[in-house]
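This report refers to the structure that appears directly beneath it.
Numbering (my numbering), first residue to last: 1 to 256.
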């Protein structure tokens, strides 16, 4: 009896892996524009950032290609597309943030860029949801946020004294909710939730390097680290929409 149960469990696990692989393989062609635009950006501007319209366009194109990727997976006002709508909104505000940060030394542009990304983090966190809660993961990210802010506080002045902890809270919350969605046991894991989790952590790394490099000390290779982790973050978060309609449908049914 036990051998029969183990055999069925092994079959189910294998089928689950095959389904995950086929699902991942099916989205590959839709991601070609993203990889091409990322390659173009690093070929043209891989060494340093510029303050120009051309740099702005090249910087925004990869995220715009992810906007198209999300739209290609379907979009409507139905409840089952709520997750996709929130991820899409986050991507759009990320593009706005990118535009402002190209000219971050102009009047209020850095603050406007920070506000745009704060809205993006809020939309991502809302998409990831609050179940399961997993407070221990939240405590880990809270500790990271407090430690980072404690280090940066001595370098901050003006509005950044108030904006920095607010943004730190939002991005730590977003990362917490992304990690909380991942179930790593049995057949509950999905590559899409794992991608969202990795993407959220990459976003934290990217923003941490930005903050340290801009306000504290120069980070070697900061431009490359920031952009690589940023594009990886948006890529992972965007991939999480692939099976989101089914998850949202299950959530709606459970709520009823």
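For each residue, glycine too, the CB sits at the ideal point set by N, CA and C.
Here the structure is a predicted model, which is why all the values come from computation and not from measurement.
Nearest candidate by alpha-carbon position, reference residue i, set the options
i           : options              : result
residue 64  : 243, 90 and 144      : 90
residue 238 : 224, 149 and 128     : 128
residue 27  : 60, 54 and 66        : 66
residue 192 : 235, 219 and 55      : 235
residue 32  : 49, 60, 56 and 68    : 68
residue 202 : 154, 229 and 157     : 229
residue 47  : 220, 123 and 233     : 220
residue 207 : 171, 141 and 218     : 171
residue 59  : 148, 161, 113 and 40 : 40
residue 141 : 161, 204 and 81      : 204
Buried versus exposed call for residue i [16 or more other C-beta atoms within 10 Å across all chains shown]
i           : result
residue 15  : Here the model assigns residue 15 a pLDDT of 48, short of 50, so the residue's position is not dependable, and the following value carries that caveat. Label assigned to residue 15: exposed.
residue 185 : exposed
residue 226 : buried
residue 38  : buried
residue 52  : exposed
residue 158 : exposed
residue 217 : exposed
residue 107 : exposed
Test item: CB-CB of residue i and residue j under 7 Å
i           : j           : result
residue 30  : residue 72  : yes
residue 182 : residue 87  : no
residue 190 : residue 125 : no
residue 195 : residue 178 : no
residue 180 : residue 135 : no
residue 118 : residue 155 : no
residue 77  : residue 114 : no
Straight-line Cα distance separating residue j from residue i
i           : j           : result
residue 152 : residue 144 : 12 Å
residue 210 : residue 62  : 19 Å
residue 137 : residue 175 : 9 Å
residue 150 : residue 74  : 43 Å
residue 199 : residue 147 : 21 Å
residue 79  : residue 70  : 16 Å
residue 161 : residue 130 : 29 Å
residue 222 : residue 81  : 36 Å
residue 57  : residue 224 : 18 Å
residue 34  : residue 139 : 34 Å
Own chain, CB closer than 7 Å to residue i, minus 5 neighbours either side, in chain order
i           : result
residue 120 : 90, 93, 94 and 97
residue 244 : 83 and 84
residue 55  : 45, 49 and 102
residue 212 : 219
residue 122 : 170
residue 215 : 152, 155 and 156
residue 165 : 149
residue 42  : none
Neighbourhood of residue i by C-beta, 8 Å cutoff - its chain only, sequence neighbours within 5 removed
i           : result
residue 116 : 93, 94, 96, 97 and 100
residue 104 : 110 and 113
Cutoff 6 Å; reference residue i; Cβ partners in own chain excluding five residues on either side
i           : result
residue 232 : 202
Interface flag, residue i vs chain C, CB-CB below 7 Å
i           : result
residue 223 : Of the protein chains in this structure there is only one, and it is not chain C.
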